[in-house]
Amino acid sequence: MQATAPSRTRPKRAKRTGPSPMRRAIAYLGHYPRLTVTSVIALAVATAAQLAVPQLVQNIIDTIIDNAINKAILDIPANFQAMAAEQFGLDFTAAQAELDGATNALLWAGAIVVLYSVGRGLFTFVQSYTSQALSQNIAFDLRNDLYAKIQRLSFSYHDKNRTGQLMIRATDDVEQLRIFIGQGLLIALQSLILLVGTLAILFFTSVSMTLVILPILPIALILFFIFGMVAQPLFIEVQKRLGRVNTILQENLAGLKVVKAFASEPREQAKFDESLDAELAQRVKIAGVFSFLFPFIFLIANLGQAAILYFGGRAIVEGTFTIGEWQKFSLYLTFVFIPMGQLGFIIQLMARASASAERIFEILDAKSEVESKPGASELAATNGHIEFRDVTFRYFGNSEPVLNAVNFTAEPGQTVALLGSTGSGKSTIMNLLPRFYDVSEGQILVDGHDIRDVTIESLRKQIGIVLQETTLFSGTIRENIAFGRPEATDEEVIAAATAAAAHDFIMAFPDGYNTPVGERGSTLSGGQKQRVAIARALLLNPRILILDDSTSSVDLNTEYQIQQALDKLMEGRTSFVIAQRISTVLNADQILVLDKGAVVDSGTHEELMERSAIYAEIYHSQLSE
Numbered sequence: 000m001q002a003t004a005p006s007r008t009r010p011k012r013a014k015r016t017g018p019s020p021m022r023r024a025i026a027y028l029g030h031y032p033r034l035t036v037t038s039v040i041a042l043a044v045a046t047a048a049q050l051a052v053p054q055l056v057q058n059i060i061d062t063i064i065d066n067a068i069n070k071a072i073l074d075i076p077a078n079f080q081a082m083a084a085e086q087f088g089l090d091f092t093a094a095q096a097e098l099d100g101a102t103n104a105l106l107w108a109g110a111i112v113v114l115y116s117v118g119r120g121l122f123t124f125v126q127s128y129t130s131q132a133l134s135q136n137i138a139f140d141l142r143n144d145l146y147a148k149i150q151r152l153s154f155s156y157h158d159k160n161r162t163g164q165l166m167i168r169a170t171d172d173v174e175q176l177r178i179f180i181g182q183g184l185l186i187a188l189q190s191l192i193l194l195v196g197t198l199a200i201l202f203f204t205s206v207s208m209t210l211v212i213l214p215i216l217p218i219a220l221i222l223f224f225i226f227g228m229v230a231q232p233l234f235i236e237v238q239k240r241l242g243r244v245n246t247i248l249q250e251n252l253a254g255l256k257v258v259k260a261f262a263s264e265p266r267e268q269a270k271f272d273e274s275l276d277a278e279l280a281q282r283v284k285i286a287g288v289f290s291f292l293f294p295f296i297f298l299i300a301n302l303g304q305a306a307i308l309y310f311g312g313r314a315i316v317e318g319t320f321t322i323g324e325w326q327k328f329s330l331y332l333t334f335v336f337i338p339m340g341q342l343g344f345i346i347q348l349m350a351r352a353s354a355s356a357e358r359i360f361e362i363l364d365a366k367s368e369v370e371s372k373p374g375a376s377e378l379a380a381t382n383g384h385i386e387f388r389d390v391t392f393r394y395f396g397n398s399e400p401v402l403n404a405v406n407f408t409a410e411p412g413q414t415v416a417l418l419g420s421t422g423s424g425k426s427t428i429m430n431l432l433p434r435f436y437d438v439s440e441g442q443i444l445v446d447g448h449d450i451r452d453v454t455i456e457s458l459r460k461q462i463g464i465v466l467q468e469t470t471l472f473s474g475t476i477r478e479n480i481a482f483g484r485p486e487a488t489d490e491e492v493i494a495a496a497t498a499a500a501a502h503d504f505i506m507a508f509p510d511g512y513n514t515p516v517g518e519r520g521s522t523l524s525g526g527q528k529q530r531v532a533i534a535r536a537l538l539l540n541p542r543i544l545i546l547d548d549s550t551s552s553v554d555l556n557t558e559y560q561i562q563q564a565l566d567k568l569m570e571g572r573t574s575f576v577i578a579q580r581i582s583t584v585l586n587a588d589q590i591l592v593l594d595k596g597a598v599v600d601s602g603t604h605e606e607l608m609e610r611s612a613i614y615a616e617i618y619h620s621q622l623s624e
C-alpha cells in the first residue's frame, strides 16, 4: 500500500520558447519529402488547370458573339452591302471566313476545356491520394512518439495525469492534427495559389475593376484572424471535456464489477451524462461562433459580386469591356471568394489542430523526473548488496516526507521483510529501489553504485518484481509468464510456473499454457493471476527480488505452496518481501518495522519479539485473529 496519496496540484505551465506546436507538427512533413513534393506539385498543376478555364470560357463567348454579329452583317441585303462596307468599313469576306470557321473554333475550345478538366481531375486525384497517405504516415509517427514518450515518463507524471486524458491525446488529438495536415494545410495552400493567381490575372484583365473588389480582402482576412484567435481556446476546452468523458468511461469499464456490486449504475450514469452535457455545451458554443462566420463570408462575397455587376455592366455599355471579358472576370471573382469561403473551414480545422498540437507536444515536451543521466554506466551482474543511506522521499516536492531518513543494509542472499501498518512506507521503499521514483534526499546503493549513476534499463534487468496489484496482458498464459523474456524456452517457462505453484492449475485448462487470460486476466482467479505474476518475475532469474504483498490474493494452502517454492528460490538472491500477514515474514533474515515513514526497529523475529512493542502488537493481534 502506498504511504501517502500523492498531491494532484498541477505545476505552472512553463513559458514556451522555440517553434509553436503547430509548426513542429507541420515539420513532420519533412519525414516524407517525396510524398510532400508530389502532393504540392499535383496541387499546383490542378490549380493552374482550374485558373485556365475562365480564359477559355471568354474565348468561347467572344467567338459566339463575334460570329453572331458576322451573321447579322452577312444577312444585310446584297444591294446595301457595298454601301455598308464603304460607310462602316465592314469586310464581308473576312466575316464570312470567320463564320465558316466558327464551328471548328468552338469544337476546339470545348475540347481544350474538357482536356483541362480531365488533367485537373487526374492531378486532383494524385494530390488527394498522396496527401492522405502523408497525413496517415504523420499520424502514425505522432502516435508512436506519444506512446514511446508515455512509456518513458516516470510514475510521478502518471500520478498527476489521468489515463483518459492521455488516451484522448493519442487518438482524437492526433486525428484532428492529421485532418488538418491532410486536408486543411493543402486547402490553405490551394487557396493561396488560387487567390494570388486570380488577382494577377484580374489585374492584367482590368486594373480598375480589380481595385473595386480589392479593399474587401484585407477586411475579411482581419476578421477571419480574429475568429481564429477566438476559436482556438474553445477547441482546447472541448478536447479537455472530451478527455473527461473518456476518463469516466475508462474507469467505469475497468471497475464495472464494483459499480454493479454497489448498485451504482444510476449515479455513474448521471456522472457520465453530466460530462457529456458539458462537452455538448462546448461544441454548441463553437457551432454558434461558426454559424456567424459562414454567413458573414457569403455576405462579403455577395457585396463583391454586386460591385462587379454594376461596374462591369457600365463598362460593357461604354464599350470598354466585352461580354466575354465580363464573364471571365465574374468567374475569376468566384475564384477570389472561393478561398475566402474555404478560409472559414481552414480556420476551423486550424483551431482544432492548434489546440490538439499544443496538447500533444505538452506530453512530448514533458520532462521525466526519473531518467538515466548523460554518461550513466551499465550495471553489470550484481551480487545483490543493497544499502539505503539517509533516504528521504516526498511526492512532487510536498513538504511532508513520506519516508524520513531511512537507513538499512541488505546483504547478498538475504531475505529482508518490511512490516508495518498501512501507510507506513513499505511500498514506497520498494518503488525507490527500481527507480520508479527518485529519492528526495540520500542515496540508494547497489553493490556500492548509486542507482542514479547507472542506466535505468540495466538496473531494472537485475530486479524481479511482483507488484501488489497484479497486471496481466491480453494473450496466453505463456506469453504473460515470458513477458520479460519472450525468447524463453517452453522448459524455462514451465520451470518458472512450477516454482510459483502455477503449473498444476495451468495444465488443468484444456489449452494449458496457450490458454487466453482475457482482458487484465479476467479468466483467472486472483490467486491464479498472482502465481502467474510470480512466475513472470522468476523467469528473469533476477539477483534482486521484490515481492510486494505477493501472497495477499491466495488462500492459506496456496500461500503455503508459494512460500515453500519462494523460500527455495530466494536462496542466493537478495529478496524483499512486503507483507500484511506476519506469518510470511517469520523466517526472514532481517525484518524492518516501519511506522510513519521511518524504520523504527529491525532484526529477526525473535529479536523483535523481545524489544519491539510495535512488532509484538502486530504479532499478537494477528495471532488472536
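Residue 292 in numbering that gives the first Met the number 0 sits at position 293 of the sequence shown; the count goes up by one each step and never skips.
The beta-carbon is built from N, C-alpha and C at its ideal position, and this holds for glycine as well.
Does the beta-carbon of residue i have 16 or more other beta-carbons within 10 angstroms, so that it is buried, or is it exposed?
i, result
"Phe-87", "For Phe-87, the pLDDT reaches just 48, beneath the cut-off of 50, and the residue's location in the model is therefore unreliable, although a value from the coordinates is still provided. Answer is exposed; the Cβ neighbour count stays below 16."
"Thr-381", "buried"
"Val-195", "exposed"
"Met-506", "exposed"
"Ile-221", "exposed"
"Met-647", "This structure cannot speak to residue 647, because the chain is shown only from 0 to 624."
"Arg-9", "Confidence is the limiting factor: at Arg-9 the pLDDT is only 41, short of 50, which leaves the residue's position unreliable, though a coordinate-based value still follows. By the neighbour-count rule (16 or more Cβ atoms within 10 Å), Arg-9 is not buried but exposed."
"Ser-190", "buried"
"Gln-268", "exposed"
"Ser-611", "buried"
"Ala-4", "No answer about Ala-4 holds up, because its pLDDT of 38 lies below 50 and its placement is not dependable."
"Val-36", "exposed"
"Glu-278", "buried"
"Arg-240", "buried"
"Met-429", "buried"
"Gly-424", "buried"
"Met-228", "exposed"
"Arg-358", "buried"
"Ser-376", "exposed"
Going by C-alpha distance, which of the options is nearest residue i?
i, options, result
"Ala-630", "Ala-169, Ala-487 and Gly-517", "Residue 630 lies beyond the stretch modelled for the chain, which goes from 0 to 624, so this question has no answer here."
"Asp-172", "Ala-26, Ser-355, Gly-29 and Lys-148", "Ser-355"
"Arg-572", "His-384, Arg-282 and Met-608", "His-384"
"Leu-332", "Glu-317, Ile-322, Ala-314 and Ala-306", "Ala-306"
"Gln-175", "Gly-287, Ile-137 and Ala-199", "Ile-137"
"Val-598", "Val-405, Gly-447, Gly-242 and Ile-40", "Val-405"
"Ser-207", "Arg-313, Phe-271, Lys-528 and Leu-233", "Arg-313"
"Phe-504", "Ala-277, Leu-55, Glu-490 and Gly-525", "Gly-525"
"Gly-116", "Ala-51, Pro-411 and Ala-534", "The sequence given here has Ser at residue 116, not Gly. The option with the nearest alpha carbon to Ser-116 is Ala-51."
"Arg-542", "Pro-433, Glu-490 and Pro-294", "Pro-433"
"Leu-444", "Pro-411, Ala-416 and Ala-534", "Pro-411"
"Asp-626", "Ile-533, Asn-540, Gly-474 and Glu-491", "Given that the chain is displayed from residue 0 to residue 624, the structure contains no residue 626 and the question cannot be resolved."
Are the CB atoms of residue i and residue j nearer to each other than 7 Å?
i, j, result
"Leu-402", "Phe-392", "yes"
"Ala-629", "Arg-459", "The structure shown does not extend to residue 629, since the chain spans only 0 to 624, so no value can be given for it."
"Ile-167", "Asn-245", "yes"
"Ile-577", "Ile-464", "no"
"His-414", "Ala-587", "It is worth fixing the name first, because residue 414 is Thr in this sequence and not His. The answer is yes: Cβ separation under 7 Å."
"Thr-123", "Leu-34", "no"
"Gly-183", "Met-349", "yes"
"Leu-538", "Ala-495", "yes"
"Ile-186", "Ile-362", "no"
"Tyr-436", "Phe-154", "yes"
"Ala-45", "Arg-119", "yes"
"Gln-126", "Ser-38", "yes"
"Pro-32", "Leu-330", "no"
"Phe-334", "Leu-193", "yes"
"Thr-209", "Leu-201", "yes"
"Ser-453", "Val-390", "Here residue 453 turns out to be Val, not Ser, going by the sequence shown. Their beta carbons are not under 7 Å apart, which means Val-453 does not touch Val-390 by this criterion."
"Val-592", "Leu-418", "yes"
Spell out the partners DSSP gives residue i in its beta bridges.
i, result
"Leu-402", "Phe-392"
"Ile-154", "Checking the displayed sequence, the identity of residue 154 turns out to be Phe instead of Ile. Paired residue(s): none; Phe-154 is not in a bridge."
"Ser-601", "Leu-591"
"Asp-489", "Per DSSP, none; premise fails for Asp-489."
"Gly-517", "Beta-bridge pairing links Gly-517 to no other residue."
"Thr-408", "Glu-386"
"His-619", "In the DSSP output, where bridge partners are listed per residue, His-619 has none listed."
Rounded to whole angstroms, how far is the Cβ of residue i from the Cβ of residue j, which I believe are closer than 8 Å?
i, j, result
"Ile-60", "Gly-323", "4 Å"
"Val-237", "Arg-177", "At roughly 17 Å, the Cβ-Cβ gap does not stay under 8 Å, so Val-237 and Arg-177 are not in contact."
"Val-516", "Ile-476", "6 Å"
"Asp-547", "Leu-466", "5 Å"
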